[in-house]
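A.B. asks: Residue numbers (the working numbering): 366 to 1124. Below: one structure in structure tokens.
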Ligand code: GLN
Ligand code: ZN
């Protein structure tokens, strides 16, 4: 048997986010393009050397990017939208970054989620113009590795089916034209690579793990038939990940030289397919066995056993042992995490450690022995130590969870009855105005928090500062004339970290960054133990604010599903259970707010939709427990207490049912970019609970006029009754400046007043 280990891709950000720093200093023009290119080259080569030193046998190129890999391909194929022709003195790089980030007067390309990850890619736009290969940068990267390091690498590209699926700007007919135009360009790039000495070409096709219709399968077959015929000397590795390969019986017969399957996230289905249909003898099988999506150390003995099971079923001669997907979704190395709880640290595995696991598994399959003395027992010990860690044996949490009964997941009475009671109790005007929670995090707010974190400022001094800033904004909100106020979230940097730091079971790393989009990195907390509410987390700030005004101040919390989806989560419990633990903690926080006299409490769930599984048939199961977690958090309140929620980054058209299921008294939605569509779907699918359709985009400093917002409100009146109608911006205002915020909110309030008079 021929065995090789490989990874589908390696993180490009660098151990200390060197990549991010380089990119951003180029944007700020702190370095010349020449220096920047040199820095990028060093990083690229460094990452290859690193993987080589760790023992990767087949190293990938083309996994490195200057911003985003979908954008790289779009530019390589000449898919530059016409509007960028207006750019002054464009160079390749300025056009590239203008597409990514917009320029003074040209809007950026759209950005959206990469499958079910928290990474966001740039959406290529097909405008029907002739395409051609502008610059085969993958060839340059391949040659660079060969010349500088004498390594023959495996170039990777996002495959044609996925690339087209994720692009936009075409209808059914143009789609065929688009595909037909792209195939020769893919062939050209691949043939040039083979000409330069490449043997294997990896084409990443995660879109083949989504549900596929028979027509779509036929398109895939046609693409690969044409493509493979046009690159006769290339060996194509069709790489799938994030789920099992769909339509396995047909697609496993594509005329490619190898197929990579995800045996972590699509394990059950891929195994069933192998059992039923076997694996083509003449192809290489890529066995994705080390999880590229989580941060936990693998039990390499168990992984090796699984690999052996796959080998037995597939019965092939040529095998790649690989990560389940690109390692770009995990941080670089655990070595940087010296101040973590050692039990946790030893049980972590980031990109470099995952490579070491792959090396071990390969060695075991190849020679029936491990390369180090105690590697297996060490990994098992580390996993066991974490499993028996007291942080996972919090009796109070387990007892509380057991005591939960069905009635805890529902409000005492139905919405219509609550609505009448709350109307009486709260006495709000018609078309009440409010905001989503945060106000501008000014330079002063950030500076003061940083000083406090560095202990240059005492806890009391910092609290005093937050209190003053809150008081200033309470006055401003009263002057603006808002009806339901917020405290402004000045004490928070982040929607999850703030709560995680106050609950048990969370850990925070120093450098475990992953890219969210472009150069923006996030450092998700790790939920590694039982989550327990210890003491009030938000009551002081909200109550302090409430004392300053006769108007209502909303309590402001992040919901259980968002906390879960924006963290790395322990894998010894079902996600549902962890969500319920968080929900119970929030339920106690909500009770504490209610007991302190807070009458309106908002529980944000911007990430609820993000957790949707790739396959539609699995949506229901996820939504059932996700919605239940929200309800468990919010259902313990009095009938008079009004629960709000908020969602953004969302397509709501197919999401109205789950939103209704939350049974929140009021929801505010980000809608400015999809207003028409949403109104249309509300027409077909009437919604009866309280709802505020965001009346202006908070991502832009532009101040919309009264008339503009009135227009939006008037349109919304067609589908929303007066009794349920709220008026609010799209999302929190933390990234805005104060003057534009005040001006926009004043216009919003005026628009609502005009509506009151008119309707
Ligand atoms: N309450 C949060 C804020 O206003 C909500 C942010 C979000 O939805 N992403 O900042
Ligand atoms: Zn939002």
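Every residue gets a Cβ at the ideal spot worked out from N, C-alpha and C, and that includes glycine.
Here's a check: name, in chain order, each residue in its chain whose Cβ is nearer than 6 Å to the Cβ of residue 391, leaving out the five neighbours to either side.
C.D. replies: As a first step, residue 391 must be located in the chain shown, where it is residue number 26. Once the five neighbours on either side are set aside, the close Cβ partners of residue 391 are 401.
A.B. asks: Taking buried to mean at least 16 other C-beta atoms within 10 Å of its own C-beta, is residue 545 buried or exposed?
C.D. replies: Locating residue 545 in the chain shown gives position 180, where the first residue counts as 1. Result: exposed.
A.B. asks: Under 6 Å: does the beta carbon of residue 1069 sit that close to some heavy atom of the ligand ZN?
C.D. replies: Mapped onto the chain shown, residue 1069 falls at position 704. Answer for residue 1069: no, Cβ out of range of the ligand ZN.
A.B. asks: Thinking C-alpha only, which one of 371, 408 and 396 is nearest residue 378?
C.D. replies: Within the chain shown, residue 378 is the residue found at index 13, counting from 1. Comparing Cα positions, the closest option is 408.
A.B. asks: DSSP on residue 1113, reduced to helix/strand/coil?
C.D. replies: Your numbering for residue 1113 matches position 748 in the chain shown. In the structure shown, residue 1113 sits in a helix (DSSP, three-state: H, G or I).
A.B. asks: Per the contact definition of three or more C-beta pairs closer than 8 Å, is the stretch 582-595 in contact with the stretch 521-540?
C.D. replies: They touch, by the three-pair rule.
A.B. asks: Answer yes or no: do residue 1010 and residue 968 have a C-beta to C-beta separation smaller than 7 Å?
C.D. replies: Against the chain shown, residue 1010 aligns to sequence position 645. Against the chain shown, residue 968 aligns to sequence position 603. For residue 1010 and residue 968, yes; Cβs fall inside 7 Å.
A.B. asks: Which of helix, strand or coil does DSSP assign to residue 830?
C.D. replies: Within the chain shown, the letter at position 465 stands for residue 830. The answer is helix: DSSP assigns residue 830 an H, G or I state.
A.B. asks: Check each candidate in 590, 514 and 457 and name the one with the smallest Cα separation from residue 620.
C.D. replies: Stepping through the chain shown from its first residue, residue 620 is reached at position 255. Checking every option, the nearest Cα to that of residue 620 belongs to 590.
A.B. asks: Only counting runs of 3 or more residues, tell me where the beta strand (DSSP E) segments fall wholly within the stretch 864-925, in order along the chain.
C.D. replies: Whole beta strand (DSSP E) segments, 3+ residues: 879-882, 885-887 and 920-923.
A.B. asks: Using a Cβ-Cβ cut-off of 8 Å (strictly less than) and excluding sequence neighbours within five positions of residue 398, which residues of its own chain qualify?
C.D. replies: On the chain shown, position 33 is the one that residue 398 refers to. Cβ within range, chain order: 391, 456 and 458.
A.B. asks: Output the distance between the C-alpha atoms of residue 755 and residue 662, rounded to the nearest integer angstrom.
C.D. replies: As a first step, residue 755 must be located in the chain shown, where it is residue number 390. As a first step, residue 662 must be located in the chain shown, where it is residue number 297. So the two alpha carbons sit approximately 19 Å from each other.
A.B. asks: Using three-state DSSP, classify residue 853 as helix, strand or coil.
C.D. replies: As a first step, residue 853 must be located in the chain shown, where it is residue number 488. Strand.
A.B. asks: Given that a residue counts as buried once 16 or more other Cβ atoms are within 10 Å of its Cβ, and exposed if not, what is residue 752?
C.D. replies: Sequence index remark: in the chain shown, residue 752 carries index 387 (1-based). Flag for residue 752 reads exposed.
A.B. asks: Answer yes or no: the CB of residue 1064 versus the heavy atoms of the ligand GLN, is any distance below 6 Å?
C.D. replies: Working through the chain shown from its first residue, we reach residue 1064 at position 699. No; taking the cut-off as 6 Å, the Cβ of residue 1064 has no heavy atom of the ligand GLN nearer than that.
A.B. asks: Does DSSP classify residue 566 as helix, strand or coil?
C.D. replies: The count along the chain shown starts at 1 and reaches residue 566 at position 201. In this structure, residue 566 counts as strand in the three-state DSSP scheme.
A.B. asks: Do you know whose CA, among 711, 684 and 721, lies nearest residue 731's CA?
C.D. replies: Along the chain shown, read from residue 1 onward, the residue named residue 731 stands at position 366. Minimum Cα distance to residue 731 is reached at 684.
A.B. asks: Taking the beta strand (DSSP E) that residue 520 belongs to, which residues open and close that run?
C.D. replies: The residue you call residue 520 lines up with position 155 of the chain shown. That run of the beta strand (DSSP E) goes 519-523.
A.B. asks: If you measure from the CB of residue 1037, is any heavy atom of the ligand GLN nearer than 6 Å?
C.D. replies: As a position in the chain shown, residue 1037 is number 672, starting the count at 1. False, no ligand heavy atom lies under 6 Å from that Cβ.
A.B. asks: Determine whether the beta carbon atoms of residue 916 and residue 850 lie at a separation below 7 Å.
C.D. replies: Translated into positions along the chain shown, residue 916 becomes position 551. Translated into positions along the chain shown, residue 850 becomes position 485. Yes, they are a contact pair.
A.B. asks: Looking only at its chain, what residues have a beta carbon closer than 6 Å to the beta carbon of residue 466, apart from the 5 residues adjacent to it on each side?
C.D. replies: Walking along the chain shown from the start, residue 466 turns up at place 101. Only 473 meet the Cβ criterion.
A.B. asks: Going straight from the alpha carbon of residue 435 to that of residue 847, what length do you get?
C.D. replies: Here residue 435 refers to the residue found at position 70 when the chain shown is read from its first residue. Here residue 847 refers to the residue found at position 482 when the chain shown is read from its first residue. Those two C-alpha atoms are separated by around 43 Å.
A.B. asks: Looking only at its chain, what residues have a beta carbon closer than 6 Å to the beta carbon of residue 388, apart from the 5 residues adjacent to it on each side?
C.D. replies: Taking the first residue of the chain shown as 1, we reach residue 388 at position 23. Around residue 388: 884.
A.B. asks: Taking Cβ to Cβ, would you say residue 992 is nearer than 7 Å to residue 946?
C.D. replies: Within the chain shown, residue 992 is the residue found at index 627, counting from 1. Within the chain shown, residue 946 is the residue found at index 581, counting from 1. Not a contact, by the Cβ cut-off of 7 Å.
A.B. asks: Can the beta-carbon of residue 921 be found closer than 7 Å to that of residue 1059?
C.D. replies: To locate residue 921, count along the chain shown from 1; it is residue 556. To locate residue 1059, count along the chain shown from 1; it is residue 694. Going by C-beta atoms, residue 921 is not nearer than 7 Å to residue 1059.
A.B. asks: Sort out for me which residues DSSP pairs residue 369 with in a bridge.
C.D. replies: Numbered from 1 along the chain shown, position 4 holds the residue referred to as residue 369. In the DSSP output, where bridge partners are listed per residue, residue 369 has 685.
A.B. asks: For residue 359 and residue 856, I'd like the C-alpha separation in whole angstroms.
C.D. replies: Since the displayed the chain opens at 366 and closes at 1124, residue 359 lies outside it and no answer follows.
A.B. asks: Could you tell me whether the stretch 697-705 touches the stretch 670-684, where touching means 3 or more Cβ pairs closer than 8 Å?
C.D. replies: Contact between the stretch 697-705 and the stretch 670-684 is absent, because fewer than three Cβ pairs lie under 8 Å.
A.B. asks: Per DSSP, residue 626 is paired with what?
C.D. replies: In the chain shown, residue 626 corresponds to position 261, counting from 1. According to DSSP, which records beta bridges pairwise, residue 626 is partnered with 652.
A.B. asks: Select from 500, 505, 615 and 624 the residue whose C-alpha is nearest the C-alpha of residue 570.
C.D. replies: Sequence index remark: in the chain shown, residue 570 carries index 205 (1-based). Minimum Cα distance to residue 570 is reached at 624.
A.B. asks: Closest by CA to residue 836, which one among 910, 638 and 951?
C.D. replies: Locating residue 836 in the chain shown gives position 471, counting from the first residue. If we check each option's Cα against that of residue 836, 910 comes out closest.
A.B. asks: Counting beta carbon pairs with one atom in the stretch 822-833 and one in the stretch 887-903, are three or more of them shorter than 8 Å?
C.D. replies: The stretch 887-903 is not in contact with the stretch 822-833.
A.B. asks: By a C-beta neighbour count over all protein chains shown, 10 Å radius and 16 as the cutoff for buried, is residue 494 buried or exposed?
C.D. replies: Along the chain shown, read from residue 1 onward, the residue named residue 494 stands at position 129. So residue 494 ends up on the exposed side.
A.B. asks: Can you name, in chain order, every residue of its own chain whose Cβ lies under 8 Å from the Cβ of residue 962, other than the five neighbours on each side?
C.D. replies: Stepping through the chain shown from its first residue, residue 962 is reached at position 597. Correct list, in chain order: 908 and 911.
A.B. asks: So the candidates are 1016, 1062, 614 and 1105; which of them puts its Cα closest to the Cα of residue 807?
C.D. replies: By 1-based counting over the chain shown, the position of residue 807 is 442. The option with the nearest alpha carbon to residue 807 is 1105.
A.B. asks: Answer with buried or exposed for residue 485, where buried requires no fewer than 16 other C-beta atoms within 10 angstroms of its C-beta.
C.D. replies: Indexing the chain shown from 1 puts residue 485 at position 120. When all chains shown are included, residue 485 counts as buried.
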